[in-house]
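Below: the structure, in structure tokens.
Residue numbers (mature numbering (1 follows the signal peptide of the UniProt record, and there is no 0)): -19 to -1, 1 to 703.
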């Protein structure tokens, strides 16, 4: 009996030791690496022997795609396993440490959040680029460890890093100069940053060799700035200029990959570790001298060179090596594969767009992992879908000339010699089918949630200066407040004035305050269309009584995402009091000076109303925000105030703007008014979700655009700068 027990125990130990535990996963992502700049895709100019080891030990994917052709959105798609257009992450985010909305929505689950629930140790090393606000810090998005930088790029040498505190940087350029963050603490580096990241990855693997781990090794090389060590540059004597620097930067990445692979072998955990290698998008050939080979286009394109990337994978304990796989796969599949293998949870209300690749790779399942591969570039109005080997492209904003290519015979997407099949009558059924597939996919998308780097060419207002923060007046007194906007050359340089208690003190469009009755008011100077850029002045009129209590119209509110709501406050006093409103969770709900609430994400928040002049007198309302469902009937009331359209750009700087409807409406009525209330344009939009508004003939200044359906109405201010 004892011998049997011993044998069973030994058998169990043997099974565990032979790979029955959950696999480790390492995702190594290069930044702006060209399709043809790795050995396994044919490069002879830049040797990549260590990266090639992954393909030799496993699988080379020839038709691998990321979800977008620039950095931030591509990473958002990979890390959530979902097309990022589904949740509005379609631009490279600005570096804004004070903006919780500038990044990955908090209600999207990351791969790290998923696998950490089944015992994985999780780490990210290198580039983040999914939001610089503390709510989006990697440690708040499922990672146990972080060693890297928050922005979209970084300088490489220690002597260049002159800003210690990442949260002191105010823009993308400054973020390149910050010290590296270890979790939340800044550290001064000693080496070339690519080598720092590689060494840190080796340390992570060594420390967590005894339990399953997920490591995202997110190199920022060979992304600009173009910087390389003398030792790496010396390896490429025949190359010149940017191509030489680029090759040296790729060599540093390859050296780091070799260190990680060697450590896995040394620790005897290679067979139970899945390794993915890929680039976040195609190479920007003119910018960093990368090479996308026979693929047309590069970074930022919807041609193949923009988002078809070098991609290899190994799992030496389970998958045969030296295999070439030609069917389309996606960076979306990494999350789905790891979730299936580890049995980690996913949100059933937000299903993954990727698939588990393992059954396709080991022969258990035939066919293609993906029949369709999509991309949409909202700001440029570029759309593409691959279905089988056919690819349909439309550039609505640039050209009426759509494309249809057979990638099996025309991988370079050439238009020569009739290779654009769109106008070929024999392909009309396929053309119509691809158009229908793309249109159906886009029904599940939303518009971008934040402005991004594409808009950063404009100088935006960042601060309002106000001549006074407090004034005391008697009834019928007047006072002229002065306001200025910084920086001085900001495009959006129009101030709007408001009083939250106009029965006590009113303010005109020039900042002139008039005292009317005893009490308190807050006068606010705000930049038009930038709700977060304002200054306020507390106005005390006469000798108001002390308030004793404040009561809100509601103590608990349940609101649907995107639907506005409002609170009113009643102060127990014979005088009129001003109320200061605040939210403790602005990612879920924000509130303005009038108690009007705007909801952003599912979750909970507390709205507080505090009496100005009696700071200890306050009241709270608990806000519960639920997801929007189209069949809830929330717009049944006539002309509900709703957020159903956006205008881009604003300010208007080139004589036109794009109006984008956020939901399908059969008929929408548009009216444009000037500041005097004069109707200057009107249009009925039927069966469209996008309309180009031409304002080239209008004088510069502030206008009001009103949109309404038979159920909803919304108004916005726009600033014309022709």
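Glycine included, C-beta positions come from ideal geometry on N, C-alpha and C.
Taking Cβ to Cβ, would you say residue 463 is nearer than 8 Å to residue 492? When the beta-carbon positions are compared, residue 463 and residue 492 come within less than 8 Å of each other.
Helix, strand or coil at residue 478 [DSSP, three-state]: In the structure shown, residue 478 adopts extended strand secondary structure according to DSSP, grouped into three states.
Can you name, in chain order, every residue of its own chain whose Cβ lies under 6 Å from the Cβ of residue 177, other than the five neighbours on each side? 170
Would a C-beta distance cut-off of 8 Å place residue 64 and residue 289 closer than the cut-off? no
Going by the CB atoms, is the gap between residue 85 and residue 130 shorter than 8 Å? no
For residue 552, which residues in the same chain have their Cβ closer than 7 Å to its Cβ, ignoring the five residues on either side in sequence? The answer, listed in chain order, is 528, 531, 558, 592.
According to the Cβ coordinates, are residue 359 and residue 265 closer than 8 Å? No, they are not a contact pair.
Name the two residues that bound the continuous alpha helix (DSSP H) containing residue 266. Counting along the chain, the alpha helix (DSSP H) containing residue 266 begins and ends at 266 to 269.
Just to confirm before moving on: does the CB-CB distance between residue 334 and residue 313 stay below 8 Å? Contact flag set, yes.
Endpoints, beta strand (DSSP E) assigned at residue 386: 384 to 387
What is the DSSP secondary structure of residue 652, reduced to helix, strand or coil? strand
Taking all protein chains shown into account, decide if residue 275 is buried (16 or more other Cβ within 10 angstroms of its Cβ) or exposed. exposed
Below 8 Å on the Cβ atoms is my guess for residue 135 versus residue 174; work out the distance and round it to an integer in Å. With 8 Å as the limit, residue 135 and residue 174 qualify as a contact, their Cβ atoms being about 6 Å apart.
Sheet register partners of residue 353 (DSSP bridge): 368
The beta strand (DSSP E) that contains residue 693, what's its start and end? 693 to 701
Please name the residue, chosen from 198, 232, 79, 306, that lies closest to residue 256 on a Cα-to-Cα basis. Nearest option by C-alpha distance: 198.
Between which two residues does the alpha helix (DSSP H) carrying residue 36 extend? 30 to 38
Ignore the nearest five residues each way along the sequence and tell me which others in residue 376's own chain have a CB closer than 6 Å to its CB. Within the same chain, residue 376 has close Cβ partners 363.
Return the CA-CA distance between residue 346 and residue 93, expressed in angstroms with no decimal places. 27 Å
Taking the continuous beta strand (DSSP E) assigned at residue 642, which residues delimit it? 637 to 642
When you compare each of 59, 323, 99, 151 to residue 109 by their alpha carbons, which one comes out closest? 59
Below 8 Å between beta carbons: does that hold for residue 323 and residue 101? yes
Are the beta-carbon atoms of residue 119 and residue 3 separated by less than 8 Å? no
Cα-Cα separation, residue 660 to residue 682: 15 Å
Would residue 52 and residue 123 be called neighbours here (beta carbons separated by less than 8 Å)? no
Helix, strand or coil for residue 506 per DSSP? strand
Proximity of residue 258 and residue 45 at Cβ, strictly below 8 Å: Contact: no.
In three-state terms, what does DSSP make of residue 8? strand
With a threshold of 16 other CB atoms inside 10 Å of the CB of residue 318, please say whether the residue is buried or exposed. buried
In angstroms with no decimal places, state the Cα-to-Cα distance between residue 235 and residue 32. If I take the Cα positions, the gap works out to 6 Å.
Taking residue 693 as the reference, give the member of 648, 223, 702 with the closest Cα. 648
Ends of the alpha helix (DSSP H) at residue 108? Annotation for residue 108: no alpha helix (DSSP H) segment contains it, though the beta strand (DSSP E) segment containing it runs 102 to 108.
Taking 8 Å as the threshold, find out whether the segment 207 to 214 comes into contact with the segment 146 to 158 through three or more Cβ pairs. no
With a cut-off of 8 Å on the beta carbons, I'd call residue 705 and residue 371 a contact; round off their distance for me. As displayed, the chain neither begins before -19 nor continues past 703, which places residue 705 out of reach and without an answer.
Does the pairing of the segment 389 to 399 with the segment 418 to 434 give three or more beta-carbon distances under 8 Å? no
Local Cβ density within 10 Å of residue 704, reported as buried at 16 or more and exposed below that: Within the shown structure, residues of the chain are numbered from -19 to 703, placing residue 704 beyond reach of any answer.
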